[in-house]
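Residue numbers (full-length UniProt numbering), protein chains in the order written: chain A, 1 to 183; chain B, 1 to 327.
(1) Pull up the distance between the alpha-carbon of residue 140 of chain A and that of residue 128 of chain A, whole angstroms please.
(2) Determine, using beta carbons only, whether residue 33 of chain A comes closer than 9 Å to chain B.
(3) Can you give me, in chain order, the residues of the region 13-29 of chain A that have a beta carbon less than 7 Å from any beta carbon in chain C?
(4) Just to confirm before moving on: does the CB-CB distance between residue 130 of chain B and residue 201 of chain B stay below 9 Å?
(5) What's the gap between the Cα of residue 203 of chain B and the Cα of residue 47 of chain A?
(6) Mind checking which residues open and close the beta strand (DSSP E) that includes residue 31 of chain A?
(7) Give the DSSP bridge partners of residue 86 of chain A, in chain order.
(8) DSSP state of residue 317 of chain B, grouped into three classes?
(9) Would you check if the region 110-125 of chain A and the region 42-59 of chain A touch, i.e. whether three or more CB-CB distances between them fall below 8 Å?
(10) Using a C-beta cutoff of 9 Å, does residue 35 of chain B count as contacting chain A?
(11) How would you call residue 62 of chain B, buried or exposed, if buried means at least 16 neighbouring beta carbons within 10 angstroms?
(12) Buried or exposed for residue 58 of chain B, going by 16 or more other Cβ atoms inside 10 Å?
(13) Considering only residues of the region 158-204 of chain B, which uninterrupted alpha helix (DSSP H) runs meet the minimum length of 4 residues and lie entirely inside it, listed in chain order?
(14) Examine chain A for any beta-carbon lying closer than 9 Å to the beta-carbon of residue 108 of chain B, and answer yes or no.
(15) Report yes or no: is there a C-beta of chain A within less than 9 Å of the C-beta of residue 186 of chain B?
(16) When the distance is taken between beta carbons, is residue 269 of chain B closer than 9 Å to residue 364 of chain B?
(17) My parser needs the alpha helix (DSSP H) runs of 4 or more residues fully inside the region 122-161 of chain A; what are they?
(18) Output the distance between the C-alpha atoms of residue 94 of chain B and residue 13 of chain A, rounded to the nearest integer angstrom.
(19) Could you compute how far the alpha carbon of residue 312 of chain B sits from the alpha carbon of residue 146 of chain A?
(20) Using only the alpha-carbon positions, how far apart do residue 301 of chain B and residue 52 of chain B sit?
(21) With burial defined as no fewer than 16 other Cβ atoms inside 10 Å of the residue's Cβ, what is the status of residue 308 of chain B: buried or exposed?
(22) Quick check on DSSP: helix, strand or coil for residue 3 of chain A?
(23) What are the residues in the region 130-143 of chain A lying within 9 Å of chain B by C-beta distance?
(24) Against chain B, does residue 172 of chain A count as a neighbour if the rule is that its beta carbon must be under 9 Å from one of theirs?
(25) First and last residue of the beta strand (DSSP E) that includes residue 73 of chain A?
(26) Could you give the residue range of the beta strand (DSSP E) that holds residue 94 of chain B?
(27) Out of A/55, A/67, A/171 and A/90, point me to the one whose CA is closest to residue 156 of chain A's CA.
(28) Taking 8 Å as the cut-off, does the region 280-290 of chain B touch the region 189-200 of chain B (at least 3 CB pairs, one atom from each stretch)?
(29) Would residue 29 of chain A be called buried (16 or more neighbouring beta carbons within 10 Å of its own) or exposed?
(30) Tell whether a beta-carbon distance below 9 Å holds between residue 210 of chain B and residue 181 of chain B.
(31) Within the continuous alpha helix (DSSP H) that includes residue 39 of chain B, where are the two ends?
(32) Quick check: is the beta carbon of residue 6 of chain B nearer than 9 Å to any beta carbon in chain A?
(33) According to DSSP, is residue 139 of chain B part of a helix, a strand, or is it coil?
(34) Against residue 89 of chain B, what residues of chain A qualify as contacts under a CB-to-CB distance less than 7 Å, listed in chain order?
(35) Between residue 157 of chain B and the rest of its own chain, which residues show a CB-CB distance below 7 Å, the 5 nearest in sequence each way excluded?
(36) Would you grab the beta carbon distance between residue 325 of chain B and residue 250 of chain B for me? Rounded to a whole angstrom, and I think it's under 8 Å.
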């Protein structure tokens, strides 16, 4: 959708917003064109390039971050909507010189090849494990009224929103399984 | 993307007032569909009214035993709600069969009902589409129409409705609570969606600027025995090629009550009244379920590439009802 008169509209303060939110525990404030997604805000305005832009349409999951503790696709969130909220990206999953158990398991199980999807896989898996601990069912859960056991089929269904074009899926499943069983 | 102003209303009345005053404003819920369509240039609002912080995010039991679900309740929270899981499994199953974990955390109940079609000609601004641009024609009618409608389509539009949730709600006799400029109104779900006819740009009977505030489920004890079956091109995270929401109430082996609705066959979630009529009062058998589906699909007009949807819809009807009958 390049060109066209709407792209030459003068952007004034009516089309921009000052947004204050917490990123990885730090308060941040940015003034943004309302069109800026949370993903672009993290990458282009806050120098947090962990979250990746794959499809930019909510299909690949490489932009996954935690918003108020829940996994979301940051490419489909306008940053102006997260004012006052809390975001955790892959950079915030552990301290600067540490690995979270999930990150350590990804390394131990060789759960990536090119690594491009990995930040999204990690944030998604973190959010997914929290959902499991709250007893949320999935599409492959037989009995909706009993907390599901985290089988490989459950892990695969619950991680379906994250694509890995290198197809490291068996190792991702193994890393997530180990993290779930050791925590 | 076109530049837009952003507005966060203090209450429902203010949200509706902004839409009334701004001809090209749109409500923003979870954004999973609208933001995507804005990136594609298919939707070009100049004001976004963010309704996600309005106090519409609760699920409450009603005195009559029904359930009111606030419009901003997220799909994941609704699917996990203990009452929904126990009393309306068809609803939980439909939600869990949709999208991905991340998208279900974002998508709202109201927004889900207002999803736009996934017809690829609608999503491509370079193609003719009467829904996107009234009067421009329908490139899908004689195009690649495998994923499109077999029932109730018009020369102007062969799109299908993409929502799984809406199919479950159609089977449950839901009421959609809306707020219009002159106040609140209840719309039964049977009257909420439109056939495409000559105005496919209108998908619902909502007045322009109306805001969905909740959906209300009638008490339906039979719904404890209910399910949602969805066929996709891959195991997960895909829109339906065919789907069925089913509620079955047996007295011995006789069908006392049944509710059936189909997804991916029409411009609206398709309540299968004729099939229900065939089933009611008769001893259940898989053969009866097949005959019922055939009765419903008798008026289907498949397009060039989607004739397979008829045997598919028939097969999932039989499977869903047979599973329920033996559960």
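Glycine included, each C-beta is placed from N, C-alpha and C at the ideal position.
Let's see:
(1) Spanning the two alpha carbons is a distance of roughly 14 Å.
(2) yes
(3) The chain inventory of the structure shown lacks chain C, comprising the protein chains A and B.
(4) yes
(5) Taking the straight line joining both Cα atoms gives about 42 Å.
(6) 26-33
(7) A/22
(8) helix
(9) yes
(10) yes
(11) exposed
(12) exposed
(13) 165-171
(14) Cβ-Cβ to chain A under 9 Å: no for residue 108 of chain B.
(15) no
(16) A question about residue 364 of chain B goes unanswered here, because the residues of chain B that appear run from 1 up to 327.
(17) If you keep only unbroken alpha helix (DSSP H) runs of at least 4 residues inside the region 122-161 of chain A, you get 152-158.
(18) 42 Å
(19) Roughly 31 Å separates the two Cα atoms.
(20) 40 Å
(21) exposed
(22) With a pLDDT of 41 at residue 3 of chain A, under the threshold of 50, the predicted position of this residue should be treated as unreliable, though the coordinate-derived value follows. The answer is coil: DSSP assigns residue 3 of chain A none of H, G, I, E or B.
(23) 131, 134, 135, 136, 137, 138, 139, 140 and 141
(24) no
(25) 70-73
(26) From DSSP, residue 94 of chain B is part of no beta strand (DSSP E) but of the alpha helix (DSSP H) over 89-96.
(27) A/171
(28) no
(29) exposed
(30) Cβ atoms of residue 210 of chain B and residue 181 of chain B: closer than 9 Å.
(31) 34-39
(32) yes
(33) coil
(34) 144
(35) 130, 131, 138, 196, 200 and 267, listed in sequence order.
(36) 6 Å
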